[in-house]
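Remarks on the structure that follows.
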Amino acid sequence: MRIGYLCRYSDSEIAFAKQAGFGSIQLLIWPGDPLDPTITSADEVLRARDKYAEAGIEVSALGCYVNQLDADEATARRNVEYFRLLYDVAEQMGVDTIGAFAGRNPELDIPENIPLFESVWTEGAAIAEDRGLRIAFENCPMFHYFPFRGVNIAYTPRAWELMFEAVPSPALGLEYDPSHLVCLLIDYLQVIHDWGERIYHVHAKDAEIDWRAVRRNGILEPGAVRHRTPGMGVVKWSEVISALVEVGYEGNLDIEGRHDPVYHGARENEGLVISLRHLEQFVKPEWVAGG
Numbered sequence: 225m226r227i228g229y230l231c232r233y234s235d236s237e238i239a240f241a242k243q244a245g246f247g248s249i250q251l252l253i254w255p256g257d258p259l260d261p262t263i264t265s266a267d268e269v270l271r272a273r274d275k276y277a278e279a280g281i282e283v284s285a286l287g288c289y290v291n292q293l294d295a296d297e298a299t300a301r302r303n304v305e306y307f308r309l310l311y312d313v314a315e316q317m318g319v320d321t322i323g324a325f326a327g328r329n330p331e332l333d334i335p336e337n338i339p340l341f342e343s344v345w346t347e348g349a350a351i352a353e354d355r356g357l358r359i360a361f362e363n364c365p366m367f368h369y370f371p372f373r374g375v376n377i378a379y380t381p382r383a384w385e386l387m388f389e390a391v392p393s394p395a396l397g398l399e400y401d402p403s404h405l406v407c408l409l410i411d412y413l414q415v416i417h418d419w420g421e422r423i424y425h426v427h428a429k430d431a432e433i434d435w436r437a438v439r440r441n442g443i444l445e446p447g448a449v450r451h452r453t454p455g456m457g458v459v460k461w462s463e464v465i466s467a468l469v470e471v472g473y474e475g476n477l478d479i480e481g482r483h484d485p486v487y488h489g490a491r492e493n494e495g496l497v498i499s500l501r502h503l504e505q506f507v508k509p510e511w512v513a514g515g
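Structural data, given as structure tokens:
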């Protein structure tokens, strides 16, 4: 189990990760990003792979969070086609997991989205399964203060039940992020015990709740919940890591730090290092940056 963080590909990120003592990264790839498969050759991807290997940094997973169930059919189709190009990048990088959103037509509720999910992910999962790849759905609702019009259905255990019943492929699983569960008042430790076999990747992100704001205007009030870098919120990381080990999780912990209201922008790297030091006290020493 290594501790890393989410970032796009660059020589400066590799240098920072190595210098700070990170053992892994999740490689984010969106249209227009470095390693975007529509503008990047296989040779360029292989050179990037070699740079990470030379630095001793493991690429835990790729990450691309386009909405493949978009209400606009042309947009949804374009997003599906783009996402599946990442299967090639994953193979070239020697990575077996891709973080994603399940997607959502925001005009429909979760049960109404399941036929759309099935139509896209039955084929997407079959292709991934044939190629030895896994898709890990992040449990972020993407509400943006319009709670019934998000762009990702995979944020609640009830949705996971419906999703995996519709498409039972073992290629589909979860990208566990306890911060979103905290914000939704879901027991983030119970989720690990209930869904451990489906947890394929972990985002290390914390959260805090302003209960005065909640009591005044409800949980949907802007600012009532805030995402924090690990160690700055209410998540008990010793218990999270213990539970992950208990259920047999063998992947890495990759910090998603850019949302923190203090450690963001020019201070994001400072927050990442603080979080690394916090998390590594709960991880077997030789796991932190190797093996």
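In the numbering used here, the protein residues as written are 225 to 515. Here a beta-carbon is modelled for each residue, glycine too, at the ideal position from N, C-alpha and C.
Checklist line | Inter-residue CB distance, Val459 and Ser403 (contact presumed, cutoff 8 Å) | finding: Yes, Val459 and Ser403 are in contact; Cβ-Cβ is about 7 Å, under 8 Å.
Checklist line | Given Ser265 as reference, the closest of Leu230, Asp312, Thr299, Tyr289 once Cα atoms are compared | finding: The candidate whose alpha carbon is nearest that of Ser265 is Asp312.
Next item on the list: From the DSSP output, read off the bridge partner residues of Gln292.
Entry: DSSP output for Gln292 lists no bridge partner at all.
Next item on the list: Pick out whichever of Gln505, Phe506, Ile498 has its Cα sitting closest to the Cα of Ala244.
Entry: Closest by alpha carbon: Ile498.
Check: Across which residues does DSSP place Arg226 in a beta bridge pair?
Finding: For Arg226, which the question treats as bridged, DSSP gives no partner whatsoever.
Margin query: By DSSP's criteria, Arg450 is part of a beta bridge. Which residues make up the other side?
Written below: Answer is Glu432, bridged to Arg450.
Next item on the list: Return the CA-CA distance between Lys242 and Ser236, expressed in angstroms with no decimal places.
Entry: Lys242 and Ser236: Cα-Cα distance of roughly 10 Å.
Check: Between Ser191 and Ala298, what straight-line distance do the alpha-carbon atoms span, to the nearest angstrom?
Finding: For residue 191 there is no data in the structure shown, the boundaries of the chain being 225 and 515.
Checklist line | For Arg232, the first and last residue of its enclosing alpha helix (DSSP H) | finding: Where Arg232 is concerned, there is no enclosing alpha helix (DSSP H), given that its DSSP letter is neither H nor E.
Item checked: Ala280 (DSSP reduced to helix, strand or coil) -> What sits at residue 280 in the sequence shown is Gly, not Ala. Residue state, collapsed to three classes: coil.
Note to self: Which residue wins for smallest C-alpha separation from Asp484, given the options Asp294, Ala431, Leu251?
What the structure shows: With distances taken between CA atoms, Asp484 lies nearest to Ala431 out of Asp294, Ala431, Leu251.
Next item on the list: Please name the residue in Glu353, Ala352, Arg273, Gly348 whose C-alpha comes closest to that of Met317.
Entry: Closest by alpha carbon: Arg273.
Next item on the list: Can you tell me which of the three DSSP states Val426 falls into?
Entry: Of the three classes helix, strand and coil, the one that applies to Val426 here is strand, per DSSP.
Item checked: Among Ile423, Ser462, Arg439, Lys275, nearest to Ile249 - alpha-carbon criterion -> Selection Ile423, Ser462, Arg439, Lys275 evaluated against Ile249 yields Lys275 as nearest (Cα-Cα).
Checklist line | Runs of alpha helix (DSSP H) lying entirely within the segment 238-272, each at least 4 residues, in chain order | finding: Segments of the alpha helix (DSSP H) lying fully in the segment 238-272: there are none.
Next item on the list: Note down, in chain order, each residue of its chain lying with its Cβ closer than 7 Å to the Cβ of Gly481, except the 5 sequence neighbours on either side.
Entry: So the list reads Tyr229, Thr453, Tyr487, Glu492, Gly495, Leu496, Ser499, once near-sequence residues are dropped.
Item checked: The beta strand (DSSP E) enclosing Thr321, as first and last residue numbers -> Its beta strand (DSSP E) spans residues 321-324.
Notebook entry, point to check: Taking only beta-carbon atoms, is Arg273 less than 8 Å away from chain C?
Noted result: Among the protein chains of the structure shown there is no chain C, as only one such chain exists.
Note to self: With three or more beta-carbon pairs closer than 8 Å as the criterion, would you say the segment 430-444 touches the segment 413-421?
What the structure shows: Judged by Cβ distances under 8 Å, the segment 430-444 makes no contact with the segment 413-421, as fewer than three pairs qualify.
Next item on the list: Please report how far the alpha carbon of Thr447 lies from the alpha carbon of Met366, in whole angstroms.
Entry: The residue you asked about is not Thr; residue 447 is Gly in the sequence shown. Looking at the backbone, the Cα of Gly447 and that of Met366 are separated by about 15 Å.
Note to self: When you compare the CB positions of Phe325 and Tyr289, do they come within less than 8 Å of one another, or not?
What the structure shows: A contact, by the Cβ cut-off of 8 Å.
Margin query: Taking DSSP's pairing of strands, which residues face Asp478 in a bridge?
Written below: Answer by DSSP bridge pairing, in chain order: Gly228, His427.
Check: Cβ atoms of Leu409 and Ala349: under 8 Å apart, would you say?
Finding: With respect to the 8 Å criterion, Ala349 and Leu409 are not classified as neighbours on the basis of their beta carbons.
Check: If you count every other CB in all the chains shown that lies within 10 Å of the CB of Asn363, and 16 or more means buried, which is it?
Finding: The residue in question, Asn363, is buried, as its Cβ has 16 or more Cβ neighbours within 10 Å.
Notebook entry, point to check: The beta strand (DSSP E) spanning Arg358 covers which residue range?
Noted result: That run of the beta strand (DSSP E) goes 358-362.
Margin query: Give me, in chain order, the residues of the same chain whose beta-carbon lies closer than 8 Å to that of His502; leave out the 5 immediate sequence neighbours on both sides.
Written below: Excluding residues within five positions, the ones whose Cβ falls inside 8 Å are Pro454, Gly455, Trp461.
Next item on the list: Give the single residue among Ser284, Ile253, Asp401 whose Cα lies nearest to the Cα of His451.
Entry: It is Asp401 whose Cα lies nearest to the Cα of His451.
Note to self: Please classify Ser234 as buried or exposed, where buried requires at least 16 other C-beta atoms within 10 Å of its C-beta.
What the structure shows: It is exposed - the Cβ of Ser234 has fewer than 16 other Cβ atoms within 10 Å.
Notebook entry, point to check: Ala285 by DSSP, collapsed to three states: which one?
Noted result: Strand.
Notebook entry, point to check: Expressed to the nearest angstrom, what Euclidean distance is found between the alpha-carbon atoms of Val344 and Leu293?
Noted result: Here the alpha carbons of Leu293 and Val344 stand approximately 8 Å from one another.
Check: What are the residues that DSSP puts in a beta bridge with Leu398?
Finding: DSSP lists Phe361, Ile423 as the beta-bridge partner residues of Leu398.
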